[in-house]
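To start, the structure itself, in structure tokens.
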Amino acid sequence: MLYRRIIQRLFYHFYRELAWSYDAVAWLVSAGLWQRWALVAVPKLRGRTLELGFGPGYVQLALADGAGCAGLDASPQMVRRAAQRLRRVGHWPRLVRGVAQQLPFAAASFDSVVATFPAEYILDAQTHHEIRRVLVPGGRVVIIPSAELAPGAYRHLVDLAYALTLMSARASADGPSTSFALGDLHLQATWVSLGPSRVMVLEGEI
């Protein structure tokens, strides 16, 4: 229990005071594929999109020229980093600091909600309620919970690192398409191949 609390505290600081190191750490644990993994979600989105936990802003940047997007993240440092990334290429960020359990948006504001490699908030029933509230009827949910590298020495090291942080580098679903219940969100789980890796995608309409 104490070890888990220490790890949780380290992650808290990683997304805040140590946010400057996020890109480098993400690159290391994914063999340089982290950003490409996150962007697998983009073609599956439609219309006005809300991103939960946007981090350094990879998906926000990809969506910036679309029909309109917004992002929410609990970390003030990540809000600042993502906003800077968008402004550098001439986009005006629509980013807010907050938590997924209390979304500061009106009902039926979005056509899609996306989250890539989300933290434990994605398991919270209140998060599911809020996702349903801000989506239009028939709106899309797209979540990328995990990805894995092809077998080899590098993946072995990554798996060891995940084990030390009490996380799993792999998802449990297998096969071409599997029904997946995330609380009361009933989604389809599929694997998408990407170079020497594969990415799990959960998606559905609610």
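For the sequence shown, position 29 (counting from the first letter as 1) is numbered 29 according to the UniProt record's numbering, and the numbering increases by one without interruption.
Even glycine gets a Cβ: it sits at the ideal position worked out from N, Cα and C.
Predicted model only: the values in this text are computed from it and were never measured.
Contact between threonine 116 and valine 59 holds, with the beta-carbon distance rounding to 6 Å and staying under 8 Å. The residue from Val201, Ala108, Phe180, Gln101 with its alpha-carbon nearest to that of proline 145 is Val201.
By the C-beta density criterion, proline 43 is exposed, having fewer than 16 other C-beta atoms within 10 angstroms.
Contact between the stretch 93-109 and the stretch 71-83 is present: three or more C-beta pairs spanning the two stretches fall below 8 Å. In this chain, the alpha helix (DSSP H) harbouring isoleucine 131 covers 125-134.
In the structure shown, alanine 31 adopts coil according to DSSP, grouped into three states.
Beta-bridge partners assigned by DSSP to glutamine 188: Ser179, Glu203.
For leucine 95, the enclosing beta strand (DSSP E) covers residues 95-97. The Cβ atoms of valine 142 and phenylalanine 105 lie no closer than 8 Å to each other. Of the candidates Val89, Asp124, Gly90, the residue whose Cα lies closest to the Cα of glutamine 102 is Asp124. Secondary structure note for alanine 62: its alpha helix (DSSP H) is the uninterrupted segment 58-63. With fewer than 16 neighbouring CB atoms inside 10 Å of its own CB, proline 196 falls in the exposed class.
One Cα belongs to glutamine 188, the other to glutamate 203, and the distance between them is close to 5 Å.
Residue environment: valine 40 is assigned as buried (16 or more neighbouring CB atoms within 10 Å of its CB, all protein chains considered). Relative to tryptophan 37, the option among Ala82, Arg48, Leu194 whose CA is nearest is Leu194.
The beta carbons of glutamate 130 and alanine 108 sit no closer together than 8 Å.
According to the DSSP assignment, valine 114 belongs to no alpha helix (DSSP H) but to the beta strand (DSSP E) extending over 110-116.
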